[in-house]
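The listed protein sequences correspond, in order, to chains A and B.
For the first sequence, this note's numbering assigns the number 8 to the initial residue and increments by one for each residue that follows.
For the second sequence, this note's numbering assigns the number 8 to the initial residue and increments by one for each residue that follows.
Idealized CB from N, CA, C, for every residue including glycine.
To start, the structure under review is shown below, and the notes come after it.
There are 2 protein chains.
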Amino acid sequence: MTKAAERIDRVSRSQVDKFEERRKTLADAAIQTLSELGYARTSLREIAQNSAFSHGVLHYYFRDKVDLITYCVRQYKAHCVQRYDQIVATARTGDALAQGFAEGLVQTLRDEALMHRLWYDLRSQSLFEESFRADVLEIDQSLERMIWRIVSRFAELGDARLVVPSPVAYAMFDGLFQQALLHYLSGSGNALADLRERVLQLLPHLVCPSQSGTTQPGARLVAAHQQRASHSA
Amino acid sequence: MTKAAERIDRVSRSQVDKFEERRKTLADAAIQTLSELGYARTSLREIAQNSAFSHGVLHYYFRDKVDLITYCVRQYKAHCVQRYDQIVATARTGDALAQGFAEGLVQTLRDEALMHRLWYDLRSQSLFEESFRADVLEIDQSLERMIWRIVSRFAELGDARLVVPSPVAYAMFDGLFQQALLHYLSGSGNALADLRERVLQLLPHLVCPSQSGTTQPGARLVAAHQQRASHSA
DNA sequence: AAGGCTTCTGGACAACTGTCAAGACTTTCC
DNA sequence: GGAAAGTCTTGACAGTTGTCCAGAAGCCTT
Numbered sequence: 008m009t010k011a012a013e014r015i016d017r018v019s020r021s022q023v024d025k026f027e028e029r030r031k032t033l034a035d036a037a038i039q040t041l042s043e044l045g046y047a048r049t050s051l052r053e054i055a056q057n058s059a060f061s062h063g064v065l066h067y068y069f070r071d072k073v074d075l076i077t078y079c080v081r082q083y084k085a086h087c088v089q090r091y092d093q094i095v096a097t098a099r100t101g102d103a104l105a106q107g108f109a110e111g112l113v114q115t116l117r118d119e120a121l122m123h124r125l126w127y128d129l130r131s132q133s134l135f136e137e138s139f140r141a142d143v144l145e146i147d148q149s150l151e152r153m154i155w156r157i158v159s160r161f162a163e164l165g166d167a168r169l170v171v172p173s174p175v176a177y178a179m180f181d182g183l184f185q186q187a188l189l190h191y192l193s194g195s196g197n198a199l200a201d202l203r204e205r206v207l208q209l210l211p212h213l214v215c216p217s218q219s220g221t222t223q224p225g226a227r228l229v230a231a232h233q234q235r236a237s238h239s240a
Numbered sequence: 008m009t010k011a012a013e014r015i016d017r018v019s020r021s022q023v024d025k026f027e028e029r030r031k032t033l034a035d036a037a038i039q040t041l042s043e044l045g046y047a048r049t050s051l052r053e054i055a056q057n058s059a060f061s062h063g064v065l066h067y068y069f070r071d072k073v074d075l076i077t078y079c080v081r082q083y084k085a086h087c088v089q090r091y092d093q094i095v096a097t098a099r100t101g102d103a104l105a106q107g108f109a110e111g112l113v114q115t116l117r118d119e120a121l122m123h124r125l126w127y128d129l130r131s132q133s134l135f136e137e138s139f140r141a142d143v144l145e146i147d148q149s150l151e152r153m154i155w156r157i158v159s160r161f162a163e164l165g166d167a168r169l170v171v172p173s174p175v176a177y178a179m180f181d182g183l184f185q186q187a188l189l190h191y192l193s194g195s196g197n198a199l200a201d202l203r204e205r206v207l208q209l210l211p212h213l214v215c216p217s218q219s220g221t222t223q224p225g226a227r228l229v230a231a232h233q234q235r236a237s238h239s240a
């Protein structure tokens with residue numbers, strides 16, 4: 008075994024690339040199967056049936072099932088984060104950014120619902136299977152950073168200050184999207200419109216204008232939180 | 008077959024109760040197993056091993072595995088919602104309610120982390136297995152109502168109006184809790200303190216004072232939502 | 001063309017799964 | 001006390017699972 012490891016030292020680069028390429032191909036088949044059946048019902052034979060190969064080859068390219076799924080989780084990450092940075096780069100007003108962000112989430116929900124139900128499935132699995140946890144946490148952090156870039160830019164365009172830290176912002180939109188996904192897959196026709204509406208409604212609440220001399224209702228509470236030590240008991 | 012259904016018409020009430028009682032006992036064993044292993048790895052034999060009975064008895068009290076797990080999901084619901092209504096009833100100030108709510112979430116995370124990772128696991132499963140979906144949605148709604156009672160009371164105590172509708176409020180706290188759970192189970196020592204801090208910080212942002220004559224930013228959105236909320240309630 | 005390496009197949013294995021049924025034990029009721 | 005109903009155990013079944021392996025097939029160098 009460990010052919011994969013041995014190869015790297017011996018063979019030419021083109022062969023290494025071909026080996027890595029096939030791993031990606033098989034991982035694609037695995038991801039497709041996982042997004043259709045879910046982690047609990049996905050077997051190696053089913054994955055192979057969604058590929059051009061037989062089930063035995065999976066153990067030629069991956070040590071075991073955990074190795075394969077871990078690789079899938081990593082591959083999923085690359086596919087996941089790229090969409091929204093373009094929105095951040097092109098939007099020239101806060102409104103446009105909010106619209107683009109909301110529309111992006113709606114499109115993601117409509118076009119990649121199965122992909123994202125896989126993500127939530129795997130993230131839940133990572134609560135039980137320690138092997139996935141590191142990769143899941145890494146993806147989670149990169150998603151959080153993506154959300155942070157969006158809300159930061161939104162605040163910047165509106166000349167405002169953010170009143171929630173990065174983890175809170177991510178948790179909120181993640182919760183909204185997960186809720187929308189559940190209702191969307193349950194056949195609710197309003198899920199897409201609801202998601203758009205709620206995102207557009209929520210985004211302005213994350214900032215408060217910074218130029219005004221009068222203290223906004225949220226600002227005091229932010230300051231109050233700053234010295235939270237006196238409260239937590 | 009369908010002994011459970013036949014019995015109800017024939018036998019005495021005490022026997023029905025005993026039958027129902029055993030179902031609950033077995034469901035408890037199942038829930039314990041599920042919360043330890045997760046849905047994907049939980050088998051009927053493993054459940055039976057966590058009970059005082061052998062594996063065959065499960066098919067005497069439940070039609071099949073889906074029937075058992077569905078029953079478990081329903082039983083989980085009863086166990087879940089009760090904790091926070093007492094906090095709502097006893098808190099006499101907004102600050103006290105916020106403190107109680109945050110502390111309740113922290114305690115829940117600390118004491119029942121495994122239970123709630125089961126909940127998130129099953130909710131993810133319902134994205135694939137249609138059988139669970141109705142019950143999951145019902146639990147989700149009852150959790151949403153619980154959150155709504157809390158934030159409503161919080162607004163009432165502060166003589167303020169809520170600026171987010173019920174689904175958004177639930178999605179936000181659900182996202183925060185899920186995030187905290189992931190980090191808590193990953194061994195992060197800050198998870199509990201972070202959750203408390205973030206809940207206390209977030210709660211005030213959901214309301215804006217209602218006595219002010221000036222229109223707050225977002226007040227229009229609140230008004231737009233007001234009729235939706237009353238419609239769905 | 002031959003040999004060696006890589007890639008892939010298909011079958012075998014043991015373990016495990018949900019399901020079921022035959023029978024033993026227990027309780028209830030007349 | 002004995003029959004009937006309810007309860008539970010045990011073992012079996014067919015199917016599936018992850019894993020492994022012997023060898024076929026493809027590919028490249030010599």
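- Tell me whether residue 216 of chain B is buried or exposed, calling it buried when 16 or more other Cβ atoms sit within 10 Å of its Cβ. As a working note, residue 216 of chain B is residue 209 in the second sequence. By the neighbour-count rule (16 or more Cβ atoms within 10 Å), residue 216 of chain B is not buried but exposed.
- Query: Taking 8 angstroms as the CB-CB cut-off, is residue 83 of chain B touching chain A?
  - Reply: Locating residue 83 of chain B in the second sequence gives position 76, counting from the first residue. No, because no Cβ of chain A sits closer than 8 angstroms to the Cβ of residue 83 of chain B.
- Query: Near residue 128 of chain B, what residues of its chain come up, given a Cβ to Cβ distance below 7 angstroms and the 5 sequence neighbours on each side ignored?
  - Reply: By 1-based counting over the second sequence, the position of residue 128 of chain B is 121. Closer than 7 angstroms at the Cβ level, and outside the excluded window around residue 128 of chain B, lie 45 and 46.
- Query: In this structure, does DSSP put residue 216 of chain B in helix, strand or coil?
  - Reply: Here residue 216 of chain B is taken as the residue at index 209 of the second sequence, counted from 1. Residue 216 of chain B: strand per DSSP, three-state reduction.
- Query: residue 178 of chain B: buried (16+ other C-beta within 10 angstroms of its C-beta) or exposed?
  - Reply: Within the second sequence, residue 178 of chain B is the residue found at index 171, counting from 1. By the neighbour-count rule (16 or more Cβ atoms within 10 Å), residue 178 of chain B is buried.
- Would you report the Cα separation of residue 27 of chain A and residue 37 of chain A, rounded to the nearest angstrom? Within the first sequence, residue 27 of chain A is the residue found at index 20, counting from 1. Within the first sequence, residue 37 of chain A is the residue found at index 30, counting from 1. Their backbone Cα atoms lie some 15 angstroms apart in a straight line.
- Message: Contact between the region 143-155 of chain A and the region 125-143 of chain B is defined here as three or more beta-carbon pairs at a separation below 8 angstroms; is this criterion met?
- Response: no
- Item | Beta-bridge partners of residue 168 of chain A, as assigned by DSSP | Walking along the first sequence from the start, residue 168 of chain A turns up at place 161. Per DSSP, A:215.
- Message: Please return the same chain residues whose Cβ sits closer than 7 angstroms to the Cβ of residue 131 of chain A, not counting the five positions on each side in sequence.
- Response: As a first step, residue 131 of chain A must be located in the first sequence, where it is residue number 124. Same-chain partners within the cutoff: there are none.
- Cα-Cα separation between residue 72 of chain A and residue 43 of chain A, rounded to whole angstroms: Locating residue 72 of chain A in the first sequence gives position 65, counting from the first residue. Locating residue 43 of chain A in the first sequence gives position 36, counting from the first residue. Near 17 angstroms, if we compare the C-alpha coordinates of residue 43 of chain A and residue 72 of chain A.
- Query: Tell me which same chain residues have a C-beta within less than 7 angstroms of the C-beta of residue 51 of chain A, skipping the five on either side of it?
  - Reply: Reading the first sequence from its first residue, position 44 is the one you call residue 51 of chain A. Closer than 7 angstroms at Cβ, skipping near neighbours: 62, 65 and 72.
- Taking 8 angstroms as the CB-CB cut-off, is residue 113 of chain A touching chain B? By 1-based counting over the first sequence, the position of residue 113 of chain A is 106. Not an interface residue.
- Query: Got a sec: is the Cβ-Cβ distance from residue 56 of chain B to anything in chain A below 8 angstroms?
  - Reply: What you label residue 56 of chain B is simply residue 49 of the second sequence in a count that begins at 1. Chain A, which has no Cβ nearer than 8 angstroms to the Cβ of residue 56 of chain B, makes this no.
- Query: Using the rule of at least 16 other Cβ atoms within 10 Å of the residue's Cβ for burial, across every protein chain shown, is residue 220 of chain A buried or exposed?
  - Reply: One-based indexing of the first sequence puts residue 220 of chain A at position 213. Since pLDDT at residue 220 of chain A reaches only 44, below the 50 mark, its modelled position is unreliable, and the value read off the structure follows with that caveat. Per the 10 Å Cβ criterion, exposed.
- Item | Neighbourhood of residue 101 of chain A by C-beta, 7 angstroms cutoff - its chain only, sequence neighbours within 5 removed | To locate residue 101 of chain A, count along the first sequence from 1; it is residue 94. For residue 101 of chain A, the CB contacts under 7 angstroms within the same chain, skipping 5 residues up- and downstream, are 161, 164 and 165 in chain order.
- Can you tell me the Cβ-Cβ gap for residue 88 of chain B and residue 153 of chain B, rounded? I've got them flagged as a contact below 8 angstroms. Here the question's residue 88 of chain B lines up with position 81 in the second sequence. Here the question's residue 153 of chain B lines up with position 146 in the second sequence. Yes, they are in contact, since the Cβ atoms of residue 88 of chain B and residue 153 of chain B sit about 5 angstroms apart, within 8 angstroms.
- Kindly say whether residue 132 of chain A, judged by its beta-carbon, lies nearer than 8 angstroms to any beta-carbon of chain B. Indexing the first sequence from 1 puts residue 132 of chain A at position 125. Chain B contact via Cβ: present.
- Count the CB pairs spanning the region 192-202 of chain A and the region 197-209 of chain B that are closer than 8 angstroms, and state whether there are at least three. no
- Any beta strand (DSSP E) of 3 or more consecutive residues that is wholly inside the region 89-171 of chain B: Runs found: 167-169.
- Query: Could you give the distance in angstroms between the alpha-carbon of residue 53 of chain B and the alpha-carbon of residue 59 of chain B?
  - Reply: Locating residue 53 of chain B in the second sequence gives position 46, where the first residue counts as 1. Locating residue 59 of chain B in the second sequence gives position 52, where the first residue counts as 1. Within the model, the alpha-carbon separation for residue 53 of chain B versus residue 59 of chain B is close to 12 angstroms.
- With a cut-off of 8 angstroms, does the C-beta of residue 135 of chain B fall near any C-beta of chain A? Locating residue 135 of chain B in the second sequence gives position 128, where the first residue counts as 1. Yes, residue 135 of chain B counts as interfacial toward chain A.
- Query: Could one say the Cβ of residue 47 of chain B lies closer than 8 angstroms to chain A's Cβ atoms, at least one of them?
  - Reply: Residue numbering aside, residue 47 of chain B sits at position 40 when the second sequence is read from its first letter. Yes, contact with chain A.
- Measuring only between beta-carbons, confirm whether residue 50 of chain A sits less than 8 angstroms from chain B. The residue labelled residue 50 of chain A in the question sits at position 43 within the first sequence. No, because no Cβ of chain B sits closer than 8 angstroms to the Cβ of residue 50 of chain A.
- Item | Candidates B:173, B:90, B:125 and B:91, of which the one nearest residue 205 of chain A by Cα | For this step, residue 205 of chain A is matched to residue 198 along the first sequence. Ranking B:173, B:90, B:125 and B:91 by Cα distance to residue 205 of chain A puts B:173 first.
- Message: Taking CB distances under 8 angstroms as the criterion, tell me whether residue 166 of chain B reaches chain A.
- Response: Walking along the second sequence from the start, residue 166 of chain B turns up at place 159. Not one chain A Cβ lies under 8 angstroms of residue 166 of chain B.
- Short CB-CB distance (under 8 angstroms) between residue 106 of chain A and chain B: Reading the first sequence from its first residue, position 99 is the one you call residue 106 of chain A. Taking Cβ atoms only, chain B never reaches closer than 8 angstroms to residue 106 of chain A, which makes this a no.
- Task: Could you list the residues in the region 172-201 of chain B with a C-beta less than 9 angstroms from some C-beta on chain A, going in chain order?
- Result: 172, 174, 175, 177, 178, 179, 180, 181, 182, 183, 184, 185, 186, 187, 188, 189, 190, 192, 193, 200 and 201
- Item | Span of the alpha helix (DSSP H) around residue 173 of chain B | Here residue 173 of chain B is taken as the residue at index 166 of the second sequence, counted from 1. Per DSSP, residue 173 of chain B belongs to the alpha helix (DSSP H) from 173-192.
- Item | Beta carbon proximity, residue 44 of chain B to chain A, threshold 8 angstroms | Position 37 of the second sequence, counting from 1, holds the residue named residue 44 of chain B. Taking Cβ atoms only, chain A reaches closer than 8 angstroms to residue 44 of chain B, which makes this a yes.
- Message: Could you give the first and the last residue of the continuous alpha helix (DSSP H) run that contains residue 210 of chain B?
- Response: For the purposes of this step, residue 210 of chain B is taken as the residue at position 203 of the second sequence. Taken as a continuous stretch (DSSP letters only), residue 210 of chain B belongs to no alpha helix (DSSP H), as it is neither H nor E.
- Would you verify that the beta carbon of residue 144 of chain A is, or is not, closer than 8 angstroms to some beta carbon of chain B? Taking the first sequence and counting its residues from 1, one reaches residue 144 of chain A at position 137. Taking a beta-carbon distance threshold of 8 angstroms, residue 144 of chain A counts as an interface residue toward chain B.
- So with Cβ pairs under 8 angstroms, would you call residue 71 of chain A a contact of chain B? For this step, residue 71 of chain A is matched to residue 64 along the first sequence. No, because no Cβ of chain B sits closer than 8 angstroms to the Cβ of residue 71 of chain A.
- Which residues mark the beginning and the end of the alpha helix (DSSP H) in which residue 59 of chain B is found? Taking the second sequence and counting its residues from 1, the one referred to as residue 59 of chain B is at position 52. Counting along the chain, residue 59 of chain B falls outside any alpha helix (DSSP H), and DSSP gives it neither H nor E.
- Interface flag, residue 88 of chain B vs chain A, CB-CB below 8 angstroms: Position 81 of the second sequence, counting from 1, holds the residue named residue 88 of chain B. For residue 88 of chain B, the answer is no, since every Cβ of chain A falls outside 8 angstroms of its Cβ.
- Identify which residue in B:171, B:74 and B:124 has its Cα closest to the Cα of residue 193 of chain B. Counted from its first residue, the second sequence places residue 193 of chain B at position 186. Closest option to residue 193 of chain B, Cα to Cα, is B:124.
- Can the beta-carbon of residue 156 of chain B be found less than 8 angstroms from the beta-carbon of residue 95 of chain B? On the second sequence, position 149 is the one that residue 156 of chain B refers to. On the second sequence, position 88 is the one that residue 95 of chain B refers to. Yes.
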